[in-house]
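These notes are about the structure you will find just below.
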Ligand code: MG
Ligand code: MG
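In the working numbering, the protein residues as written are 2 to 260.
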């Protein structure tokens with residue numbers, strides 16, 4: 002899940018022990034997302050995926066982080082095709098060949114949060130949709146490789162924006178990445194495009210959820226009347242990848258890496 006509003010305040014530096022616990026939470030998230038990705042096939046409903054996410058979390062002693070968060074009704078955010086983020090699972094939404102499926106999941110485990118997202122296709126995707134997924138995942142890698150001590154948050158933003166726009170895709174601006182730890186959303190905000198504003202320097206012990214949302218068409222989005230589902234304004238397709246990373250002495254560690 003991503004942040005939308007300004008979140009001021011100082012960026013918390015985590016201890017080695019705290020990072021270890023955030024890693025545990027993110028490993029559970031990674032395990033659930035791997036399990037869900039393997040279930041993606043025509044005919045399965047987004048409701049069934051949501052149930053599985055909750056069951057897998059329960060089995061590992063973790064609590065789904067999004068359920069009840071500001072009133073979100075489900076464990077999992079599932080956003081299909083022109084949906085960008087925060088889609089609500091439903092028995093009526095059944096996956097079809099060629100769908101683009103963004104799975105965004107988080108847990109609370111022993112007092113700490115994990116948060117990650119992945120986008121997968123149902124069967125064979127169109128070349129444009131394949132490229133959308135490829136570019137979005139690459140842009141996350143570009144962002145992560147700039148998550149270094151001494152760099153600024155805007156270095157992450159710039160790397161992501163450049164990676165996406167040079168390929169003719171666009172970056173969503175209304176939603177941003179965030180710090181994560183004892184809260185799901187902590188400072189700083191991590192925009193996926195360069196803003197004309199001061200940007201904090203990264204230091205070892207910061208933990209950041211980096212999450213580019215990429216549209217095939219225009220960057221503009223709107224929220225549906227359910228109050229949650231974000232869709233592209235022009236109906237073009239969208240993808241979302243996210244990792245939680247810890248800034249280390251000489252780089253960063255991806256805490257939500259899937260095997
Ligand atoms: Mg997320
Ligand atoms: Mg997030």
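In this text, a Cβ means the ideal position worked out from N, Cα and C, and glycines have one as well. Keep in mind it's a predicted model, so treat the numbers as computed, not measured.
Do you know whose CA, among the options, lies nearest residue i's CA?
{"i": "residue 106", "options": "30, 121, 195", "result": "30"}
{"i": "residue 208", "options": "218, 224, 190, 221", "result": "190"}
{"i": "residue 152", "options": "128, 199, 127", "result": "199"}
{"i": "residue 71", "options": "185, 248, 206, 220", "result": "185"}
{"i": "residue 233", "options": "219, 144, 137, 104", "result": "219"}
{"i": "residue 225", "options": "100, 89, 15", "result": "89"}
{"i": "residue 249", "options": "228, 171, 145, 192", "result": "145"}
{"i": "residue 15", "options": "192, 211, 229, 187", "result": "187"}
{"i": "residue 154", "options": "46, 168, 210", "result": "210"}
{"i": "residue 67", "options": "125, 130, 229, 93", "result": "229"}
{"i": "residue 175", "options": "91, 112, 223, 227", "result": "223"}
{"i": "residue 142", "options": "69, 212, 125", "result": "212"}
I need the straight-line Cα distance from residue i to residue j, nearest angstrom please.
{"i": "residue 10", "j": "residue 194", "result": "21 Å"}
{"i": "residue 149", "j": "residue 160", "result": "12 Å"}
{"i": "residue 243", "j": "residue 39", "result": "18 Å"}
{"i": "residue 217", "j": "residue 180", "result": "27 Å"}
{"i": "residue 260", "j": "residue 202", "result": "30 Å"}
{"i": "residue 255", "j": "residue 80", "result": "24 Å"}
{"i": "residue 49", "j": "residue 123", "result": "15 Å"}
{"i": "residue 121", "j": "residue 32", "result": "15 Å"}
{"i": "residue 54", "j": "residue 96", "result": "16 Å"}
{"i": "residue 4", "j": "residue 231", "result": "13 Å"}
{"i": "residue 74", "j": "residue 171", "result": "29 Å"}
{"i": "residue 156", "j": "residue 235", "result": "29 Å"}
{"i": "residue 252", "j": "residue 47", "result": "37 Å"}
{"i": "residue 258", "j": "residue 64", "result": "19 Å"}
{"i": "residue 1", "j": "residue 51", "result": "In the structure as shown, the chain begins at 2 and stops at 260. Residue 1 is therefore absent and cannot be evaluated."}
{"i": "residue 92", "j": "residue 168", "result": "36 Å"}
{"i": "residue 147", "j": "residue 227", "result": "36 Å"}
{"i": "residue 23", "j": "residue 138", "result": "22 Å"}
{"i": "residue 69", "j": "residue 94", "result": "21 Å"}
{"i": "residue 129", "j": "residue 247", "result": "33 Å"}
Please state whether the Cβ-Cβ distance between residue i and residue j is less than 8 Å.
{"i": "residue 25", "j": "residue 110", "result": "yes"}
{"i": "residue 87", "j": "residue 2", "result": "yes"}
{"i": "residue 116", "j": "residue 245", "result": "yes"}
{"i": "residue 238", "j": "residue 133", "result": "yes"}
{"i": "residue 19", "j": "residue 182", "result": "yes"}
{"i": "residue 43", "j": "residue 77", "result": "no"}
{"i": "residue 119", "j": "residue 34", "result": "yes"}
{"i": "residue 36", "j": "residue 61", "result": "no"}
{"i": "residue 140", "j": "residue 241", "result": "no"}
{"i": "residue 85", "j": "residue 177", "result": "no"}
{"i": "residue 165", "j": "residue 136", "result": "yes"}
{"i": "residue 205", "j": "residue 158", "result": "no"}
For residue i, count the other beta carbons within 10 Å of its own beta carbon; 16 or more makes it buried, fewer makes it exposed. Which is it?
{"i": "residue 28", "result": "buried"}
{"i": "residue 7", "result": "The predicted position of residue 7 is uncertain, since its pLDDT is 49 and thus under 50; a value taken from the coordinates is nonetheless stated next. Counting Cβ neighbours within 10 Å, residue 7 comes out exposed, since fewer than 16 surround it."}
{"i": "residue 221", "result": "exposed"}
{"i": "residue 196", "result": "exposed"}
{"i": "residue 100", "result": "buried"}
{"i": "residue 162", "result": "buried"}
{"i": "residue 127", "result": "exposed"}
{"i": "residue 59", "result": "exposed"}
**Q.** Check your reading: residues with Cβ closer than 5 Å to ligand 1 heavy atoms
**A.** 2, 105, 116, 118, 243
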